[in-house]
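Respectively, the protein sequence lines represent chains F, C and P. So the first sequence is residues 1 to 507, counted in this note's numbering. So the second sequence is residues 508 to 821, counted in this note's numbering. So the third sequence is residues 822 to 1143, counted in this note's numbering.
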Amino acid sequence: MTAALARLSGIGKIFSGHAVLEDVDFELRAGEVHVLAGENGAGKSTLIKILGGVHAADAGEVVVGGIPRRFRSVQEAARAGVAVIHQELSLAPALSVEDNLFLGRERRGFLGVVSARAQRRAARALLQRVGLAVDPRVAVGALPVAARQLVEIAKALGQDARVIAMDEPTSSLARTEAERLFALIEELKRGGAGIVYITHRMEEIYRLADRISVLRDGRMILTRPAGELDRATLVRAMVGRPLDEQIHREPVPPGAEVLAADAVTVRGRTGLLLAGVGFALRAGEVLGVAGLAGSGSSDLLHALFGDRRAEFRGLRIGGRPAQVRSPREAMGRGIALLTADRKRSGLCLSLSVAENATLAALPQLSPGGIRRPRREAAAAARGVTALRIRCRSAAQTVRTLSGGNQQKVAFAKWIETRPRVLLLDEPTRGIDVGAKHEVYDLINRWTAEGMGILLVSSELPELLGLADRVIVLHRGRLTAQLDRREATPDRVIAAALGGEDRGGTAA
Amino acid sequence: MATGGIGQRIFLAMIAAAAAGGCGGGGGDEQWIIGYSQCNRGEPWREQMDADVQAAAKKHAEIELIMKDAQNEAFQQIAHVKEFVSQGVDAIIISPKDTSLTPAVAEAHQAGIPVIVLDRAVEGDQFACFIGADNKKIGAEVGKWVVAKLGGKGKVVEMKGLSSSPPAIDRSAPFRAALAGTEIEIAYEADMEWLGPLAREKMLAALDRNPEPGSIQLVYGANDPAAIAAYWAAVDKGREDEILFVGVDALPHEGLEAVRNGYLDATFEYPNGAALGIETALKILAGEEVLKHIVLGTRLYTPENVESGGVPLD
Amino acid sequence: MNARPGGFSVSREVLFAFAALAVVLGLGSVFHAHGLFFKPETHALALWAVSGYGILACGMTVVIVTAGIDLSVGSLVALAGIVFAMGTMNAEWPGWIAVPAAVLVGAACGLFSGTLVALLRLQPFIATLAMMAFARGMAKWLTGGVKVQKMPPPATVEALNAKLAIFGVDVSISVFLFLGCVALTASFLRALRFGRYVYAIGDNEEAARLSGVPVRLTKTLAYVLCGALAGLAGVLFAAVERQGNPDAGVGYELTAIAMVVVGGTSLMGGRGGVVLTVLGALTIGYLRKILDINGVPTPQQLMITGGIIVLAVLVQSLKTEG
């Protein structure tokens, strides 16, 4: 057995009187990937933040490299060889990629002057290792989320860390990028580093893990070699109850058309983001929109919500010709949009659960512009109950909730507006298995109530499991329209790569 | 107070000037063009100075006056003087922002244009005539008056001007010197930076520090706005009757009006020399000799003498 | 009373703001200047001295919660004061015309800044910096750069300086106007949908917009409210100085911002509230009062005030750490 790179024992952490971690033991060995599994709010992120010097533990001991440590800052942890790649990215958006890579440890040359050339060379090498082909001089803020994630990983690599913790590193990566990351992880393992890996994706867990530890409600439930832990046991350990891992969709006989367009066109700065995409969504239906990054699927949802200037041909809402020129207009016509990035565009993180949950429905809840606290409280309570949001009270700040619960708050915001069409952009991104299944249940329930749902998801099994029909986009064009039986992973992927023509035959 | 609509008034004046220019100046056999440069019209005292220059010029049909306002920018004012020179005016009257105007004034002087400098001096002797008031004399006169008024005994609040500006020092030091040896003490002093609102706040603080009725006999404001603001502060505390208020400047619409209303018990004129400036310019143009330095005296205005034009103190 | 409805963290915010005020009041009871600090009149006058700035700070709070800033309020004090003074002293308008006219001028300037910020997407700092210059210029142009005054002052001016006896203590009208403005802005922020939108925009404008919040309208209204309150403050300052002064209000915007910040409202937006600002205003106002009655000279007063601002904000930052 190889030596432990890091050992945490008896760790306890309390946030505002609420125990987030209790008596947790965790060990990371050289050359292993140790997956940390658990539902959102189980304490996984807190645990690696303690390891990485972001938080100090209230109880217990942290030993890294055989020496007991009390990290007072991320920098101290980095000096001890610990790097943490956080879920919420910790890069400075206005700085360039290279400056971010070397932030706080600039390459100094003669007389302590930052050596730009040496730095750029090193930056190029790091970016190459993570497979990111960008100029190191561009500002991080100008990069898409996936690229930023890769920069974050490159930054950790640059620190020559022996202990690397990754908190859902693939949540915003495309498949090829994820593959690249997995190869990199193999390389790091061979080099003797240990990796703590947090993910909600079952395939990733079993593909990468040497050992798996499960946290639930702040306690360590089990730690086992991956080969000795089957999926059912793992899921049970995570949620504390057996869970049907299959995605279950109860088809609803489709009703009247709720939202349709003959052609939606969106112009971007460099070209067409969407080129005449047509579709029809009926009540009770889940219409999946498949496509790789840059396919325009997200743009379609934003265009339909009036958030992006678009040209519509034959746009019909509820069967009648209509226009959407702004989010307010779209909302007035019964359309709701759950955005892909809940932190950036979905939630007001410093506001409370209640304030977020009632934000979209506020016009209905406060007639005449005057707020009715009791009505709002009732609406918030309805949302908390219906979506089973786990919070101390509706007054809790959303920032302090786990990812899954935050996402449920974003859902709750729209449910109170009683939309007829729900546009879902990556509704399960970064949330745990239990929460995912709750989202699936909600989708079934709402379609049964006659709602039409347009679903964008980069997780193919999820998309195919839920969608009654699928349209596939490739660089802004419709390349396939498949019903549930036709929509096999092969055909969807082929169409997403541009291989299949509209309504064409199987690849 | 007809201060209202000065914006419009300026506008109308501009139209009138344009019309007059268009008609061509008529009149006398000899026509003098006098360039007049003000450093900052945005101060009441200088506003009054401008008005006085205009009024004096109007008495002489042969004078055509060109007025410029540098808006407190020395650089602007230098440009104005250079313009006058290239325009070939017959004389220049200038109230310079500061000594940075010295070279420009000298240049005009050497070009043979008589330059009359008002209020603030320039360096050297490259000008025709300087006319200014004497703050030290005013400070001493205030001190003399206060000692007499209080009978050599009592407590005084002094509202000083901006501590870094020479007039503030000149109006204060001789005043203090006059009090020396008497039983008058300064109960409170503050830098009101020449600003009324600040003087108001400082006066409130002074009254807070001396809460007993009758514990302050007199307030000396280094300018009238400060003295008036102090009066209103005392009104708001109900203590205006027990205190005498003395200011400096004696502008018709400000200090004198306040004396007339009984707010101020005295104000000492700080003369601007505008009328004398025009007269001096005419004398020089007529070839007469004039004094190079003219120091103006001050006048004391009290409720008793304000209607009769105050009394000169020389 | 909370800055935001409900919630554990909020009462903590208020507590911290109270702590800062308590420290200053503690200073007052130690350096009481021969018992002067314990007289009710001293406190009535302290409130009176705070009221004008406090009204500015109320409006500033709303703008700051939207993650904006309004640098123009000092100039608006001058402009509105001029309008009020010219109205009452030159045109002999009655008070019920002159006061609303001045408030309207302030609101109109706020509308202009708000439009620049919300519609043309200028940075609030820049848009209101421009308004700061414009309004100051306008005030000078209207008056030709000189003060507007009349002796004796018109009845309206003296009416605004009147006092009411509350339990035997004379309290100035402007104190009641201040309290009225506090109630007004607090109810805007708490009882109206508009208020909720203000917080949502300040915290995450993009999320608010995508939740159907009328972002442009709300932001514009925030600046209009701030401008209108600056107009009212301008009337009070002009009344108490018995003149319309085109040079009035210089630097008042910084005093107002300091009051908001010392109260604990974050310049980042989305948090804070008027109740906190009142506590901040009292902290700064009392500090000045205590320094005044103890005869501390101006230079030292400025230094101590700077120190207290830093201290108060440091204490405020503790609450976000924990």
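Each residue gets a CB set at the ideal place from its N, CA and C atoms; glycine is no exception.
- Boundaries of the alpha helix (DSSP H) harbouring Phe591 of chain C: Ala581 to Gln594, taken from the DSSP string.
- The Cβ atoms of Lys408 of chain F and Leu423 of chain F do not sit closer than 8 Å to each other.
- Leu422 of chain F carries a strand assignment under DSSP once its states are collapsed to helix, strand and coil.
- Residue contact with chain F for Glu834 of chain P: absent (no Cβ-Cβ distance below 8 Å to any residue of chain F).
- In the structure shown, His760 of chain C falls within a coil segment according to DSSP collapsed to helix, strand and coil.
- Three or more pairs of CB atoms, one per stretch, sit closer than 8 Å, so the segment 1064 to 1080 of chain P contacts the segment 904 to 911 of chain P.
- Identification of chain P residues near Asp632 of chain C by a Cβ-Cβ cut-off of 9 Å yields none; the smallest Cβ-Cβ distance measures about 33 Å.
- At a cut-off of 4 residues, the continuous stretches assigned as alpha helix (DSSP H) that sit fully inside the segment 227 to 273 of chain F are 231 to 239.
- With respect to Ala146 of chain F, Glu177 of chain F sits close: the two C-beta atoms are nearer than 8 Å.
- Per DSSP, Tyr770 of chain C lies in no beta strand (DSSP E) segment and is marked neither H nor E.
- Counting every other CB atom within 10 Å of its CB across the protein chains shown gives Glu796 of chain C a total below 16, marking it as exposed.
- Within the same chain, Leu711 come within 8 Å of Asp743 of chain C by CB-CB distance, once the 5 residues on both sides are set aside.
- Rounded to the nearest whole angstrom, the CA to CA distance from Trp917 of chain P to Leu1057 of chain P is 14 Å.
- With fewer than 16 neighbouring CB atoms inside 10 Å of its own CB, Lys566 of chain C falls in the exposed class.
- In the pairwise beta carbon analysis, the segment 445 to 454 of chain F is classified as not touching the segment 311 to 323 of chain F: fewer than three pairs are separated by under 8 Å.
- For Tyr770 of chain C, the nearest beta carbon of chain P is closer than 8 Å to its own beta carbon.
- Taking CB atoms only, Ala92 of chain F has no neighbour in chain P less than 8 Å away.
- In this model, Ile791 of chain C and Glu571 of chain C are separated by some 16 Å (Cα to Cα).
- The shortest C-alpha to C-alpha distance from Met953 of chain P to any of P:Ile890, P:Lys1110 and P:Leu1123 is the one to P:Ile890.
- Ala1021, Asp1024, Asn1025, Glu1027, Ala1028, Ala1029, Arg1030, Leu1031, Ser1032, Gly1033, Val1034 and Pro1035: these are the residues of the segment 1021 to 1045 of chain P whose beta carbon lies less than 8 Å from some beta carbon of chain F, given in chain order.
- Proximity of the segment 1122 to 1139 of chain P to the segment 1068 to 1084 of chain P meets the contact definition, three or more beta-carbon pairs being nearer than 8 Å.
- Under the three-pair Cβ rule at 8 Å, the segment 150 to 167 of chain F counts as touching the segment 67 to 84 of chain F.
- When DSSP states are grouped into helix, strand and coil, Ile676 of chain C belongs to the helix group.
- F:Ala487 is the residue among F:His474, F:Arg475, F:Gln481 and F:Ala487 whose C-alpha sits nearest the C-alpha of Gly465 of chain F.
- Excluding the 5 residues flanking it on each side, Arg333 of chain F has same chain C-beta neighbours closer than 7 Å at Ile317, Ala322 and Val324, in chain order.
- Runs of the alpha helix (DSSP H) lying entirely within the segment 467 to 502 of chain F, each at least 4 residues long, are 489 to 496 in chain order.
- Distance between Leu359 of chain F and Arg1017 of chain P, taken at the CA atoms: about 8 Å.
- The beta-carbon of Trp739 of chain C is placed less than 8 Å from the nearest beta-carbon of chain P.
- One alpha carbon belongs to Glu834 of chain P, the other to Val1117 of chain P, and they sit about 31 Å apart.
- Ala1012, Leu1013, Arg1014, Phe1015 and Arg1017: these are the residues of the segment 995 to 1017 of chain P whose beta carbon lies less than 7 Å from some beta carbon of chain F, given in chain order.
- Gln970 of chain P carries a strand assignment under DSSP once its states are collapsed to helix, strand and coil.
- Here DSSP, grouped into helix, strand and coil, assigns Met451 of chain F to coil.
- Cβ neighbours of Glu862 of chain P within its own chain (closer than 7 Å, five residues either side excluded): Val990.
- If you look at Ala640 of chain C, you'll find it in the beta strand (DSSP E) that goes Cys636 to Ala640.
- Taking C-beta atoms as the reference points, Val592 of chain C and Ala618 of chain C count as a pair closer than 8 Å.
- By alpha-carbon distance to Glu690 of chain C, the top candidate from C:Lys709, C:Asp677, C:Arg716 and C:Gly650 is C:Gly650.
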